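In my numbering, the protein residues as written are 4 to 82. For glycine and all other residues, C-beta sits at the position ideal for the given N, C-alpha and C. Every value quoted in this text rests on a predicted model; they were computed, and no experiment measured them. First comes the structure, then the notes that go with it.
What follows is the structure, encoded as structure tokens:
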């Protein structure tokens, strides 16, 4: 059986930093407001697949983004 490596170039990578004054907001809503043509459903599916990270930690779609210390949010989605 042949294994295939997933090519990172097949993904779009987004990186955001929460402002220090950011009100607590679910990460799926946070990303939906910042990524053009992104639906909340697609972001939730990406979170289930482990493609949403906050400070290098995989998070669920209901994770609350807060403005403390400028959290780094990364989202990768398949093209």
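Looking at residue j and residue i, is the spacing between their C-beta atoms short of 7 Å?
i          : j          : result
residue 64 : residue 31 : yes
residue 35 : residue 43 : yes
Any idea which residues DSSP pairs residue i with across the strands?
i          : result
residue 20 : 75
residue 67 : 29
residue 62 : Note: residue 62 sits in no beta bridge, so no partner.
residue 56 : 61 and 77
Which whole-angstrom value describes the C-beta separation of residue i and residue j, a residue pair presumed to lie in contact below a C-beta threshold of 8 Å?
i          : j          : result
residue 75 : residue 57 : 7 Å
residue 27 : residue 67 : 5 Å
On the criterion of 16 or more Cβ atoms from any shown chain inside 10 Å, does residue i qualify as buried, or is it exposed?
i          : result
residue 50 : buried
residue 60 : exposed
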